[in-house]
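S.K.: The sequence shown begins at 1 in UniProt numbering and counts up by one. Don't be surprised by glycine CBs; every beta carbon is placed ideally from N, CA and C. I am attaching a structure below and will ask some questions about it afterwards.
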Amino acid sequence: KFRSSLTESVEMLHELLLALVGCTGDVFVDVREQVPGAWTKEDDSEQQLDCPFRLAPDLTFIQPSEREILERLLRLGFYYHELDNFTRQSLNLGWVKFSYGSADTLETGSSSKRASVYTRALANGISEVLAVYRSAVLKVEQDLLSDATPVLSSLTKDLNKFESILPPLHALVQEVKENNIKGGRLLNLLHTKCHCGVPELQTCMQRLLWHGHQVMYRQLAAWMVYGLLQDQHGEFFISRLQHERMPSEAENGLERPGQSHSADTELADWHSSFQVFSDMLPQYIPSQVADSILFVGKAVRILRNPSKSFKSHQQGLGLQNSREVTSREDILSSNSYSKGSFLDILDHQGSELLPQSQVEKVALLIQALKEMPSFHKSSFEGAMDSIRTIAATHLWQLVVVHADLMGHLKALKDYFLLAKGDFFQCFLEESRSLMRLPPRPATAEADLKIPFQQAAVKTLGDDDRYFSRVSLKLPSSTGGASQGEILRPRSSAEGSIGLLTSHGDNSNKFNDGWDSIALEYSIEWPLQLLFTKEILAKYCRVFQYLLRLKRIQLELEKSWAEAMQQDRAESARQRRDSENSVSATQRQQQRMPMWRIRQHMTYLITNLQFYIQVDVIESQWNLLQERVQASKDFTELVRFHQEYLTALISQSFLDIGSVSRILDSIIKLCLRLCRLIENQDGSPNYVDLDQISEEFNKKSNSLYTILRSSKLAGSQRAPFLRQFLLRLNYNSFFEATARGALNVVRPRPLPGALTQS
Numbered sequence: 001k002f003r004s005s006l007t008e009s010v011e012m013l014h015e016l017l018l019a020l021v022g023c024t025g026d027v028f029v030d031v032r033e034q035v036p037g038a039w040t041k042e043d044d045s046e047q048q049l050d051c052p053f054r055l056a057p058d059l060t061f062i063q064p065s066e067r068e069i070l071e072r073l074l075r076l077g078f079y080y081h082e083l084d085n086f087t088r089q090s091l092n093l094g095w096v097k098f099s100y101g102s103a104d105t106l107e108t109g110s111s112s113k114r115a116s117v118y119t120r121a122l123a124n125g126i127s128e129v130l131a132v133y134r135s136a137v138l139k140v141e142q143d144l145l146s147d148a149t150p151v152l153s154s155l156t157k158d159l160n161k162f163e164s165i166l167p168p169l170h171a172l173v174q175e176v177k178e179n180n181i182k183g184g185r186l187l188n189l190l191h192t193k194c195h196c197g198v199p200e201l202q203t204c205m206q207r208l209l210w211h212g213h214q215v216m217y218r219q220l221a222a223w224m225v226y227g228l229l230q231d232q233h234g235e236f237f238i239s240r241l242q243h244e245r246m247p248s249e250a251e252n253g254l255e256r257p258g259q260s261h262s263a264d265t266e267l268a269d270w271h272s273s274f275q276v277f278s279d280m281l282p283q284y285i286p287s288q289v290a291d292s293i294l295f296v297g298k299a300v301r302i303l304r305n306p307s308k309s310f311k312s313h314q315q316g317l318g319l320q321n322s323r324e325v326t327s328r329e330d331i332l333s334s335n336s337y338s339k340g341s342f343l344d345i346l347d348h349q350g351s352e353l354l355p356q357s358q359v360e361k362v363a364l365l366i367q368a369l370k371e372m373p374s375f376h377k378s379s380f381e382g383a384m385d386s387i388r389t390i391a392a393t394h395l396w397q398l399v400v401v402h403a404d405l406m407g408h409l410k411a412l413k414d415y416f417l418l419a420k421g422d423f424f425q426c427f428l429e430e431s432r433s434l435m436r437l438p439p440r441p442a443t444a445e446a447d448l449k450i451p452f453q454q455a456a457v458k459t460l461g462d463d464d465r466y467f468s469r470v471s472l473k474l475p476s477s478t479g480g481a482s483q484g485e486i487l488r489p490r491s492s493a494e495g496s497i498g499l500l501t502s503h504g505d506n507s508n509k510f511n512d513g514w515d516s517i518a519l520e521y522s523i524e525w526p527l528q529l530l531f532t533k534e535i536l537a538k539y540c541r542v543f544q545y546l547l548r549l550k551r552i553q554l555e556l557e558k559s560w561a562e563a564m565q566q567d568r569a570e571s572a573r574q575r576r577d578s579e580n581s582v583s584a585t586q587r588q589q590q591r592m593p594m595w596r597i598r599q600h601m602t603y604l605i606t607n608l609q610f611y612i613q614v615d616v617i618e619s620q621w622n623l624l625q626e627r628v629q630a631s632k633d634f635t636e637l638v639r640f641h642q643e644y645l646t647a648l649i650s651q652s653f654l655d656i657g658s659v660s661r662i663l664d665s666i667i668k669l670c671l672r673l674c675r676l677i678e679n680q681d682g683s684p685n686y687v688d689l690d691q692i693s694e695e696f697n698k699k700s701n702s703l704y705t706i707l708r709s710s711k712l713a714g715s716q717r718a719p720f721l722r723q724f725l726l727r728l729n730y731n732s733f734f735e736a737t738a739r740g741a742l743n744v745v746r747p748r749p750l751p752g753a754l755t756q757s
């Protein structure tokens, strides 16, 4: 049928050209079609050694040298055929069915298991390579037709470069299909393949990676511009937790731009619904950048979905106010708290939480990345950082300016940190008679709210608009925990902290049921971003600690006042009855050890209170104000507030279990002494007094020893600790008693042995 020389057989060359584009026939056959079952997957995995495209067995006139060249060219046809099948299957959308009026995507067949937008992007890139290959084959055909004497070597010369491209592409496709590689893992694979020593292959792989990045950029745009998670097949490195998926998203992972979300849903999304899926995170994108991308999407969801009450309030203020806020320094000035809410100075024209101009800027930054011919890590990280700055700035404005953050922080300081000392002094005095009795489980909380409101009427003005957010709570359980234990809040609606319950050892009870008094603070949208239940629980933990100190200080003062009143009455009777003057003087002298130990207790409690309120709370509050004024970034704001609260707990020694237990014991000893003073009739009970005194001396000496230990001296709290120790030991009294210089109180002290502490 053909001439004996292949170079003179034009017909055979045309058959070869068809085989090069995957079309076999009588001369060049596909073994898989000729003999069913003769070619297996094991053979397919060894295509480097052989391929199913071969010369027909009855062609015996082909020279061995020509046969070798033809078999090498046939491999190109086989690779083209396999790659072309892969692209057609991947780009075929027949398996996707859309039901009218529904966003549900129904996937059927085996292709649904391998569905991947990244695989489709890979197929698009391979299609471009195959198009270049077909153009080369077409050029070879044109050259053969124009040449009177076709030469096989000219054909191999033009297709030689594809021998270094198509085999690696085929191996890549096989790896992707066998291991079901998609999403970020596919990008990692392509990024690895780009590092090779063959320029043509490197260029090809970079182009395939570019196609994969186009999909990633579209997902980034949906997430960072609109706050939507467009990830039908779980390939994006930002994912929603499975138990947090909404019903429509659980089926297809797709959110529509028109889909409505409540403000409460977005706040829940902020804290726990989304995460960085490390399995799909490309290895050349740092985790810090991925966290920034996660933050931006969550911030956009918040800014695009304000609560209805917030929007209505903003609209109402916009009609009343036309002044423009010119600087954030004016907003954050210290006297702004008394002038009303920050909302009162908002300009209605600037009240849009996320201006369209900023949205367009974000979109343009991502579009610029899409148009780049190759991925540049520095450019990508710079764009992501710029977008994060935009989102963080507007979220800062929402929380600090629109939501009056500093006013709420000051309210938390006033009530949870006892900055309104006159209010709590009045409250404790009003409720002192009530707290002398055990709380009644059924009515204790209601009973306590009466003096709480009375103290507000007496000490607070009508301009305090934050007091209505504060409510007093008393857990029904009378069990308690030491100050060193962590108090966990129950779940509570509308951002308020729930009642505190202890998960510690139940054997360690509160001194009485009133020590479990807690506060709730009502938080409105969007302050739940900053004031989580855990944050409010820490505030409440500090409040309970400070209230116990305030209460025991008041008890010590009241016991002293009542005793002095009793002494004055006895002195009056002594002047009227000279016969009993000696016994009255002796009783006063016998009570001196009791007053001495009371003075020691008052000294310790007062200095501890002064240290916490002045050296810790006030200094940290001033530092927090300065930091908020100097920053315009929400993430920095969260960090500053966390550091502020951590410093309060740390510098108050609430995070040191040994110190907390000692202070807890000292407070209980103080209360025991107060009860002993109240119940004493004439001379004190020396057995109990001696026990209280000895135990207090041990505890106070242990406290001083721990606070001046080298371990604490080298910690971050060292500067503040030295202030407390200096105030506590200014005359070396505690240092002397720690060495055992303090004598134990005796039952019957001699008058000459009495000294002032």
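Tell me the DSSP secondary structure of L13 in three-state form.
M.R.: If you number the sequence shown from 1, residue 13 lands on position 13. If DSSP states are grouped into helix, strand and coil, L13 belongs with the helices.
S.K.: Distance, Cα to Cα, Y539 vs H641?
M.R.: Stepping through the sequence shown from its first residue, residue 539 is reached at position 539. Stepping through the sequence shown from its first residue, residue 641 is reached at position 641. Distance between the alpha carbons of Y539 and H641: 12 Å.
S.K.: Where does D404 land, buried or exposed, given buried means 16+ other C-beta within 10 angstroms?
M.R.: Residue 404 sits at position 404 when you count from the first residue of the sequence shown. Buried.
S.K.: What residues match up with Q358 in a beta bridge as DSSP calls it?
M.R.: Numbered from its first residue, the sequence shown carries residue 358 at position 358. According to DSSP, Q358 bridges with nothing at all.
S.K.: According to the neighbour-count rule (16 or more other Cβ atoms, all chains shown, within 10 Å of its Cβ), is P439 buried or exposed?
M.R.: As a working note, residue 439 is residue 439 in the sequence shown. It counts as buried.
S.K.: Please classify M372: is it buried, with 16 or more other beta-carbons within 10 angstroms of its beta-carbon, or exposed?
M.R.: As a working mapping, residue 372 is identified with position 372 in the sequence shown. Exposed.
S.K.: How about F28: is its C-beta nearer than 9 Å to some C-beta of chain B?
M.R.: Considering every chain present, this structure includes no chain B. It has just one protein chain.
S.K.: From this set, I126, L76, P52, E66, which residue's C-alpha is nearest T87's C-alpha?
M.R.: For the purposes of this step, residue 87 is taken as the residue at position 87 of the sequence shown. That would be I126, whose Cα lies nearest to the Cα of T87.
S.K.: Does the distance from the C-beta atom of L241 to that of S272 stay below 9 Å?
M.R.: Here the question's residue 241 lines up with position 241 in the sequence shown. Here the question's residue 272 lines up with position 272 in the sequence shown. Yes.
S.K.: Please state whether DSSP places F162 in a helix, a strand or coil.
M.R.: As a first step, residue 162 is located in the sequence shown; it is residue number 162 there, counting from the start. Helix at F162.
S.K.: Between D279 and I181, what straight-line distance do the alpha-carbon atoms span, to the nearest angstrom?
M.R.: By one-based count along the sequence shown, residue 279 stands at place 279. By one-based count along the sequence shown, residue 181 stands at place 181. Cα to Cα, the separation comes out at about 11 Å.
S.K.: Taking the alpha carbon of L138 as the reference point, which residue from L18, E175, K668, E235 has its own alpha carbon closest?
M.R.: Within the sequence shown, numbered from 1, the residue matching residue 138 stands at position 138. Nearest option by C-alpha distance: L18.
S.K.: On a Cα-Cα basis, can you pick out the residue from L703, P451, I523, L669 that is closest to Q691?
M.R.: By one-based count along the sequence shown, residue 691 stands at place 691. It is L669 whose Cα lies nearest to the Cα of Q691.
S.K.: On the DSSP bridge list, what partners appear for L519?
M.R.: Translated into positions along the sequence shown, residue 519 becomes position 519. Paired residues: L472.
S.K.: Per DSSP, what kind of secondary structure is Q620 in: helix, strand or coil?
M.R.: Position 620 of the sequence shown, counting from 1, holds the residue named residue 620. Looking at Q620 - three-state DSSP - the assignment turns out to be helix.
S.K.: Going by DSSP, what residue range makes up the beta strand (DSSP E) through V276?
M.R.: The sequence position of residue 276 within the sequence shown is 276, counting from 1. Residues 274-276.
S.K.: Buried or exposed: A250, going by 16 or more other Cβ atoms within 10 Å of its Cβ?
M.R.: Counted from its first residue, the sequence shown places residue 250 at position 250. Residue confidence for A250 is low, a pLDDT of 41 falling below 50, so the modelled location carries little weight; the figure read from the coordinates is stated next. Counting every other CB atom within 10 Å of its CB across the protein chains shown gives A250 a total below 16, marking it as exposed.
S.K.: My understanding is that V296 touches A391, with C-beta atoms under 8 Å, so please give their C-beta distance in whole angstroms.
M.R.: Here residue 296 refers to the residue found at position 296 of the sequence shown. Here residue 391 refers to the residue found at position 391 of the sequence shown. Contact flag correct, Cβ pair sits at about 4 Å.
S.K.: Taking just the CA atoms, how far does V616 sit from F720?
M.R.: Mapped onto the sequence shown, residue 720 falls at position 720. Mapped onto the sequence shown, residue 616 falls at position 616. Their backbone Cα atoms lie some 8 Å apart in a straight line.
S.K.: Taking the Cβ atom as the reference point for each residue, do A383 and V225 lie within a distance shorter than 9 Å?
M.R.: In the sequence shown, counting from the first residue as 1, residue 383 sits at position 383. In the sequence shown, counting from the first residue as 1, residue 225 sits at position 225. No, these two residues do not count as a Cβ contact at 9 Å.
S.K.: By alpha-carbon positions, which one of R551, G421, S386, W396 ends up nearest to L434?
M.R.: Translated into the one-based positions of the sequence shown, residue 434 becomes position 434. Of the listed residues, the one whose Cα sits closest to L434 is R551.
S.K.: Measuring straight from C-alpha to C-alpha, what distance separates E235 and A115?
M.R.: Counting from one through the sequence shown, the residue named residue 235 turns up at place 235. Counting from one through the sequence shown, the residue named residue 115 turns up at place 115. Rounded to the nearest angstrom, the two C-alpha atoms are 10 Å apart.
S.K.: In the DSSP assignment, find the unbroken alpha helix (DSSP H) run with residue 765 in it and report its ends.
M.R.: Examination of residue 765 is not possible in this model, given that the chain is present from 1 through 757 alone.
S.K.: Could you tell me whether the Cβ atoms of I612 and Q553 are closer together than 9 Å?
M.R.: In the sequence shown, residue 612 corresponds to position 612, counting from 1. In the sequence shown, residue 553 corresponds to position 553, counting from 1. The answer is no: Cβ separation not under 9 Å.
S.K.: Taking just the CA atoms, how far does T443 sit from T393?
M.R.: Against the sequence shown, residue 393 aligns to sequence position 393. Against the sequence shown, residue 443 aligns to sequence position 443. Distance between the alpha carbons of T393 and T443 is about 48 Å.
S.K.: Considering only C-alpha positions, which residue in the set I662, R727, V638, V614 is nearest to N697?
M.R.: Within the sequence shown, residue 697 is the residue found at index 697, counting from 1. Taking only the C-alpha atoms, the option nearest N697 is I662.
S.K.: To which residues of the same chain is E11 closer than 6 Å at the C-beta, ignoring the five residues directly before and after it?
M.R.: For the purposes of this step, residue 11 is taken as the residue at position 11 of the sequence shown. For E11, where only same-chain residues beyond five positions count, there are no Cβ hits under 6 Å.
S.K.: Which of helix, strand or coil does DSSP assign to M372?
M.R.: For the purposes of this step, residue 372 is taken as residue 372 along the sequence shown, with counting starting at 1. Coil.
S.K.: Please say whether V215 and R120 have beta carbons closer to each other than 9 Å?
M.R.: Reading the sequence shown from its first residue, position 120 is the one you call residue 120. Reading the sequence shown from its first residue, position 215 is the one you call residue 215. In this structure, V215 lies closer than 9 Å to R120 by Cβ.
S.K.: Of all the options I649, H376, N188, F78, which has the alpha carbon lying nearest to the alpha carbon of L546?
M.R.: By 1-based counting over the sequence shown, the position of residue 546 is 546. Cα-wise, what sits closest to L546 is I649.
S.K.: Please go through the same chain and pick out, in chain order, the residues whose beta-carbon is closer than 8 Å to the beta-carbon of E695, but skip the five residues on each side of it.
M.R.: Here residue 695 refers to the residue found at position 695 when the sequence shown is read from its first residue. Result list for E695: S665, L669, in chain order.
S.K.: Find out if the Cβ-Cβ distance for the pair F452, L460 is shorter than 9 Å.
M.R.: Mapped onto the sequence shown, residue 452 falls at position 452. Mapped onto the sequence shown, residue 460 falls at position 460. No, these two residues do not count as a Cβ contact at 9 Å.
S.K.: Give the C-beta separation of A446 and P475 to the nearest angstrom, bearing in mind that I take them to be a contact with Cβ-Cβ under 8 Å.
M.R.: Here residue 446 refers to the residue found at position 446 when the sequence shown is read from its first residue. Here residue 475 refers to the residue found at position 475 when the sequence shown is read from its first residue. No, A446 and P475 are not in contact; Cβ-Cβ is about 14 Å, not under 8 Å.
S.K.: Could you please give the first and the last residue of the uninterrupted alpha helix (DSSP H) stretch that includes residue 776?
M.R.: In the structure as shown, the chain starts at 1 and stops at 757, and residue 776 therefore has no counterpart that could be examined.
S.K.: Would you list, in sequence order, the uninterrupted alpha helix (DSSP H) runs of no fewer than 4 residues that lie entirely inside the stretch 673-708?
M.R.: 686-707
S.K.: Where does V289 land, buried or exposed, given buried means 16+ other C-beta within 10 angstroms?
M.R.: Residue mapping note: residue 289 aligns to position 289 of the sequence shown, counting from 1. It counts as buried.
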